[in-house]
Structure formats: C-alpha cells, structure tokens
Ligand code: SF4
Ligand code: SF4
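Residue numbers (this note's numbering): 92 to 280.
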C-alpha cells in the first residue's frame, strides 16, 4: 500500500465507532502504538500495513485503507500479537472483523487468492451446508488464476479415474434449518 499523508476530513468516524463496538475490538481506543504486536507478528514483514498501523487506521476511521489492506489476508490467527499486547487488545479478532467486512462488501483486491478462497468457501457452505475440495479449488483458481486450471487437468483426470475425486456435492440434510441458524443476525434498529 502506498504511504501517503492522511487528512482527518477523509476519516469516517461513524464507521470507526461502529467497528470499535464489535466483539474483540472494544479496547482499540486504549492502544498506545507501542508496536509490540507488529514485533511479535511472524507475518508483519510481508504485510503492507503492520498490525500496529492497522489499529491506528481503524480507530481513526480510515476504512478503505484498512479494508483494502493485504495484511488482513496474510494473518494466520496465531494470536502472537494478542499475547504481546500490554493493553490486552485483541488484534487477531480485529483482523477477523476486517476480513468479514471486506468479504461482505467485496472490497478485496481482484484475483487475490486468499479472499477468493474465503468467499467461495462461505458461498458453498451457505448454499449446500458443506464444501467440496474439488469445486473449491476449481472455483478459486478460475477466479484468481484461470491459466493455472490447464495445469490441473491431468492431475484431476487421474484422481477422478482412481475414484479419489467426487464431482457431485450433495447438500446436507436439514439444509434449511442450518441456513436459518447460520444466517447473519440483523442489528437492532
Ligand atoms: S501491542 Fe497493543 S498497545 Fe501496542 S501497538 Fe499493538 S495493539 Fe497497540
Ligand atoms: S494473529 Fe495475525 S496479526 Fe496477530 S501475530 Fe498472528 S499473524 Fe500477526
């Protein structure tokens, strides 16, 4: 992500307030920007925005920079940042919350495999109640790197011939009940 000067008028304070009320994000106001989370994070050297900086962006209301960051997709939920934080801020849960919003609003980078995988997985589970390795890999590759599908054909063919690949994906029993139970809760007005 390009580093650039930010102006307060570009911030969305209402979004920041709403976000800070989400489970796991309640304590972000107490962040002292000490950087212990970034130092503990094994992935921070690959991130475009470090965990410390992400916290600063979120609580100041710079929504698009936070949501469009690749860092949220690199996070492996190892919770090293949470153990290191002297303010007991749940940085990993904040990453989850940003990921959820990025998927819901489809604001992730196009053809970036990790969010595409999450999106396809969630879509399969919502419509069938389960996922299929074959269809998950095929759909993810089609959306993120279609040219790679050609290289997968011979492996897929061999797996199918030996009965190790199931193409059909039957829905689970009592799918409607599952969908009702797993539907996102509507916020109270
Ligand atoms: S370790 Fe905690 S207090 Fe320090 S920058 Fe990270 S979130 Fe903020
Ligand atoms: S949970 Fe995510 S952000 Fe925290 S240390 Fe692990 S990879 Fe880094």
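Even glycine gets a Cβ: it sits at the ideal position worked out from N, Cα and C. Model, not experiment: these values are computed from the prediction.
Runs of the alpha helix (DSSP H) lying entirely within the stretch 139 to 177, each at least 4 residues long, are 142 to 151, 154 to 158, 162 to 165 and 171 to 175 in chain order. Pairing residue 106 with residue 149, the inter-Cα distance amounts to about 9 Å. Around the C-beta of residue 199, 16 or more other C-beta atoms lie within 10 Å, and the residue is accordingly described as buried. Exclusion of the five residues before and after residue 229 leaves no residue of its chain whose Cβ lies closer than 6 Å to its Cβ. Judged by their CB atoms, residue 134 and residue 189 are not nearer to each other than the 9 Å cut-off.
Rounded to the nearest angstrom, the gap between the Cα atoms of residue 167 and residue 187 is 10 Å.
Distances between the C-beta of residue 206 and the heavy atoms of ligand 2 are all 8 Å or more.
In the structure shown, residue 270 adopts helical secondary structure according to DSSP, grouped into three states. Relative to the non-hydrogen atoms of ligand 2, the Cβ of residue 243 never comes closer than 8 Å to any of them. As the crow flies, the alpha-carbon of residue 114 is around 16 Å from that of residue 170. Contact holds between the stretch 213 to 233 and the stretch 256 to 274, because three or more Cβ pairs, one in each stretch, are under 8 Å apart. Membership of residue 211 in the alpha helix (DSSP H) is indicated by the continuous run 204 to 219. Where residue 110 is concerned, the enclosing alpha helix (DSSP H) starts and stops at 104 to 111. In the three-state reduction of the DSSP assignment, residue 190 falls in the helix class. Of all C-beta pairs linking the stretch 207 to 216 to the stretch 175 to 183, fewer than three are shorter than 8 Å, placing the two stretches out of contact.
For the 9 Å CB-CB criterion, residue 234 and residue 205 do not form a contact.
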